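For the record, in the sequence shown the residue sitting at position 343 is 1140 according to our numbering, with numbers rising by one throughout.
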Amino acid sequence: MDIGSGYVLALGQQGRASLREDEHGDLLIVGGGITGALCAYACMKAGIRVVVIDASMSAFSSTRFSTGLLQYELDMPLGPLADMIGLDKAVRVWRRGQEAIGEMARIASEVGEASLHVRTSIQFASRPSHVEGLRREHALRVKNGFDVELLDKSAVQRVLPAVRTCALRSEGAEVDPASFAKRLLDEVVKGGGKVYEHTEMVGWKRQGQGYVVTTRRGGAVHASHLVMATGYHSASLLQRPVMDLASTYVVASQPMDPEALWEGRSLIWETGNPYIYLRTTSDHRMVIGGADEPFRDPRRRDQLMQKKVRHLLKRFGQLMPGTEFVPAATWCGTFGGTRDGLPYIDRDPGTGAWFILGMGGNGIVFSQVGARIVRDQLLGRVDPDAELFRFERAW
Ligand SMILES: Cc1cc2nc3c(=O)[nH]c(=O)nc-3n(C[C@H](O)[C@H](O)[C@H](O)COP(=O)(O)OP(=O)(O)OC[C@H]3O[C@@H](n4cnc5c(N)ncnc54)[C@H](O)[C@@H]3O)c2cc1C
798 MDIGSGYVLA
808 LGQQGRASLR
818 EDEHGDLLIV
828 GGGITGALCA
838 YACMKAGIRV
848 VVIDASMSAF
858 SSTRFSTGLL
868 QYELDMPLGP
878 LADMIGLDKA
888 VRVWRRGQEA
898 IGEMARIASE
908 VGEASLHVRT
918 SIQFASRPSH
928 VEGLRREHAL
938 RVKNGFDVEL
948 LDKSAVQRVL
958 PAVRTCALRS
968 EGAEVDPASF
978 AKRLLDEVVK
988 GGGKVYEHTE
998 MVGWKRQGQG
1008 YVVTTRRGGA
1018 VHASHLVMAT
1028 GYHSASLLQR
1038 PVMDLASTYV
1048 VASQPMDPEA
1058 LWEGRSLIWE
1068 TGNPYIYLRT
1078 TSDHRMVIGG
1088 ADEPFRDPRR
1098 RDQLMQKKVR
1108 HLLKRFGQLM
1118 PGTEFVPAAT
1128 WCGTFGGTRD
1138 GLPYIDRDPG
1148 TGAWFILGMG
1158 GNGIVFSQVG
1168 ARIVRDQLLG
1178 RVDPDAELFR
1188 FERAW
């Protein structure tokens, strides 16, 4: 029986008011998702007066749909990325991702966010023809100082009984991104920052040494610095396109007996493209996602939902025969990618406003990289790796 429709707000959950009057700060961040929240927290801790506005509720856009795997292993392996941008730069990008995961783990513990767990990450060869590439990738990572292990078939089968190839095991983490973002924004407010929801930026311009941002309901924000943490909504704010939008699918199981979950509760993914990935959650669910489609049209995306759910469950059955996956929730979402898999963390050449656009399967890791680059820049420190993430790659 269908007894309702629409999104049910968890009544009593903490909401924030919209901006009614003019506001002032050192830094205005537009967007209260995980990117805006990490940046706001880093800047607040550095003594910067932060204002955050979000058109909707914070952590309610792609941050809410995210499955929260934190991996410094990019969708683009180190070898192919090195072929594209050079080994030195590729290693620096990977290294920054690794540092960012450590930083997020430290921040999570600082703010009491319990959903972040350090996990090993296992990437298995989807096909025998991928084994050689995985071995080469292993050798290159080891040579460049990354802590990664090559698992043979029998070691892989302790986790994935039906897989007959090899795998790489390295470090990663998992988090509930929406919970983390909300907790960070709470801390920002406790630290003297301002966070406004239901406050949509409708205009922005330079004024003197700073910016004035106008909002739909009238109040304006005056700030010395401006950061767009607007995620995949950013296309209309940029002069030229920088990302390709795609659709992705997820199924979460009912909570399980923790003993029935796979060894080490590793993050699991594969070399195939599009790939599938698996993780477990704090409440002992299994999550399987992926099966991406290279378009964003929401109607087409949603029409494919049932087919994709069947596909994901079939893949789960093939990988872990004997483990029952009873679906509890299914969803799909839009996400953005770039040709080289790297984010854009840069200033708009026209206005000087910062953009932090984490992309692809490592979007959240890059949110933290961006938070640090922007914070340091505002403090007058130059981050030598900032050059890796410039818009000029696309333009
Ligand atoms: C199904 C799915 C699974 C994913 N899994 C992973 C994963 O495992 N690991 C990973 O790292 N990444 C993953 N991602 C990607 C990750 O979710 C994104 O990189 C991340 O959520 C982006 O966060 P954000 O804060 O930049 O953007 P968002 O969460 O979209 O936040 C942007 C905010 O800006 C606000 N905004 C936009 N325009 C305006 C305006 N004009 N005025 C005011 N506010 C505005 C929006 O309301 C929104 O709240 C996944 C994505 C999806 C969809």
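Beta carbons: idealized from backbone N, C-alpha and C, even for Gly.
These numbers come from a predicted model, not from an experiment.
- Straight across, the Cα-Cα distance linking Val849 with Pro1146 is about 22 angstroms.
- Bounds of the alpha helix (DSSP H) holding Trp891 are 884-908.
- The C-beta separation of Leu1075 from Glu1090 comes to about 19 angstroms, leaving the pair out of contact by the 8 angstroms criterion.
- Inter-segment contact for the stretch 1044-1054 and the stretch 1135-1152 is absent: fewer than three beta-carbon pairs are separated by less than 8 angstroms.
- Judged by their CB atoms, Gly894 and Glu929 are not nearer to each other than the 9 angstroms cut-off.
- Distance from the C-beta of Trp1128 to the nearest heavy atom of ligand 1 is below 8 angstroms.
- Burial check for Ser967: the Cβ neighbour count within 10 Å reaches 16 or more, so the residue is buried.
- If you check the CB distance, Leu867 and Ile898 come in under 9 angstroms.
- Less than 9 angstroms divides the Cβ of Phe857 from the Cβ of Ala975.
- With a threshold of 16 other beta carbon atoms within 10 Å, Gln1004 falls short and is exposed.
- Its chain contains Cys836, Val1024, Trp1151, Ile1153 as the residues whose beta carbon lies nearer than 7 angstroms to that of Val1171, once the 5 sequence neighbours on both sides are disregarded; these appear in chain order.
- For the pair Ala970 and Tyr1046, the Cα-to-Cα distance works out to about 20 angstroms.
- Not one heavy atom of ligand 1 lies closer than 8 angstroms to the C-beta of Thr1077.
- Taking the Cβ of Gly990 as the reference point, every heavy atom of ligand 1 lies at 8 angstroms or farther away.
- Between Ser1079 and Thr917, the C-beta spacing is not below 9 angstroms.
- Beta-bridge partners assigned by DSSP to Met1040: none are found.
- For the pair Gly1087 and Tyr1072, the CB atoms are nearer than the 9 angstroms cut-off.
- Excluding its 5 nearest sequence neighbours in each direction, Val1166 has C-beta neighbours in its own chain below 6 angstroms: Arg893, Ala897, listed in chain order.
- At the C-beta level, Leu1116 and Leu957 come within 9 angstroms of one another.
- Restricting attention to His995, Leu1110, Gly1130, the CA atom closest to the CA of Arg817 is found in His995.
- Exclusion of the five residues before and after Gly1016 leaves Leu816, Arg817, Glu818, Asp819 as the residues of its chain whose Cβ lies within less than 6 angstroms of its Cβ.
- For Glu934, the enclosing alpha helix (DSSP H) has its first and last residue at 928-940.
- For the 9 angstroms CB-CB criterion, Ala1191 and Tyr1141 form a contact.
- The beta carbon of Gly1133 sits closer than 6 angstroms to those of Tyr1029, Met1040, Leu1042, Met1156, all from its chain and outside the five residues before and after it, given in chain order.
- Not one heavy atom of ligand 1 sits closer than 8 angstroms to the Cβ of Val890.
- Taking all protein chains shown into account, Asn1070 has fewer than 16 neighbouring C-beta atoms within 10 Å of its C-beta and is therefore exposed.
- For Phe1122, no beta strand (DSSP E) run applies, since DSSP gives it neither H nor E.
- Between ligand 1 and Tyr1074, a heavy atom-to-CB distance of less than 8 angstroms is present.
- Ligand 1 has no heavy atom closer than 8 angstroms to the beta-carbon of Leu1101.
- Comparing alpha carbon positions, the residue from Val915, Arg813, Leu931 closest to Thr962 is Leu931.
- Within the same chain, Cβ atoms closer than 6 angstroms to the Cβ of Trp1066 are found at Gln920, Tyr1072, Tyr1074, the five residues on either side in sequence being excluded.
- Per DSSP, the unbroken beta strand (DSSP E) holding Asp1089 starts and ends at 1083-1090.
- Glu820 carries a strand assignment under DSSP once its states are collapsed to helix, strand and coil.
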